[in-house]
Amino acid sequence: MHDEVAPERGGARQARLVARFQAALLALSVLSCAFVAIELASLRHWRSTEQIVPWIVLSVLFCSTLIVVFNRSRIAIVQARLVALCAAPAALFGVYEHVSANLDTGVLNHKYTWAELPGWEHLWLASTGAVGGTPATAPLVLALAGVLLGLATVGMAPGAARDDLAKRVAVSRVRT
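Oh and the sequence shown: position 171 is 171 in UniProt numbering, straight run, nothing missing.
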């Protein structure tokens with residue numbers, strides 16, 4: 001009965017809830033990028049060409065998120081989705097590089113008789129971090145930041161950021 005009296009009120013409430021979830025997902029994407037950047041900087045992760053890849057992906061993800069936050073045009077939403085899709089292969093490349101580095105250094109581990117272990121166990125030990133010094137699954141945080149960015153754009157309407165800002169400005173002018 002209440003919905004019949006004010007049907008637009010429920011739709012507005014749902015739209016606000018969706019907008020809040022989208023804002024939260026965008027914030028989590030930015031925070032993921034920031035914390036990964038801090039971690040990479042503390043590890044001095046820039047000594048080779050391969051180590052520059054996560055920096056490039058982080059900067060593109062961060063810029064893409066900011067573009068969506070401040071300009072919700074159709075092209076901004078599409079570019080955010082494309083960047084989100086590109087983050088996953090970059091993260092998988094990082095996992096491959098880390099596992100490969102762990103495999104290369106596995107022979108130096110005195111805990112295991114490396115030459116006697118089967119190949120699948122080499123791969124298992126390298127991917128779980130039991131041998132080697134690189135965290136094999138750490139690059140997947142790039143994919144997480146991309147997934148968060150991509151999920152934030154689901155159901156996002158072009159121009160919503162400008163419309164929301166215009167409404168806030170109009171309301172503040174009326175109140176003063």
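Each residue gets a CB set at the ideal place from its N, CA and C atoms; glycine is no exception. Only a predicted model underlies this, so the values are computations on that prediction, with no experimental measurement involved.
Q. Going by beta carbon distance, what residues of the same chain come within less than 6 Å of Ala145, once the five residues before and after it are set aside?
A. Ser29, Ser32, Cys33, Leu61
**Q.** Inter-residue spacing [alpha-carbon to alpha-carbon] between Val53 and Arg72
**A.** 27 Å
Q | C-alpha distance - Ala19 paired with Ser42, whole-angstrom precision | A | 35 Å
Q: Kindly indicate which residue of Leu25, Thr113, Leu151, Pro139 has the alpha-carbon position closest to the one of Val131.
A: Thr113
Q. Hey, does Thr49 have any beta-carbon neighbour from chain C nearer than 9 Å?
A. The structure shown contains no chain C; it is built from a single protein chain.
Q. Would you report the Cα separation of Phe93 and Cys63, rounded to the nearest angstrom?
A. 21 Å
Q. Can at least three beta-carbon pairs, one atom from the segment 104 to 118 and one from the segment 72 to 82, be found at a separation below 8 Å?
A. no
Q) Do you know offhand how far Leu40's Cα is from Ala12's? A) 42 Å
Q) Quick one, which of Ser48, Pro158, Gly159, Leu151 has its alpha-carbon nearest Ala24's? A) Leu151
Q. Exposed or buried, Arg44, counting other C-beta atoms within 10 Å across all chains shown (16 or more means buried)?
A. exposed
Q. Among residues of its own chain, excluding the 5 on either side of Val141, which ones have a beta-carbon nearer than 7 Å to its beta-carbon?
A. Ser32, Val36
Q. If Val99 and Ser59 are in contact, beta carbons under 8 Å, what's the gap, nearest whole angstrom?
A. Not a contact, Cβ separation roughly 25 Å.
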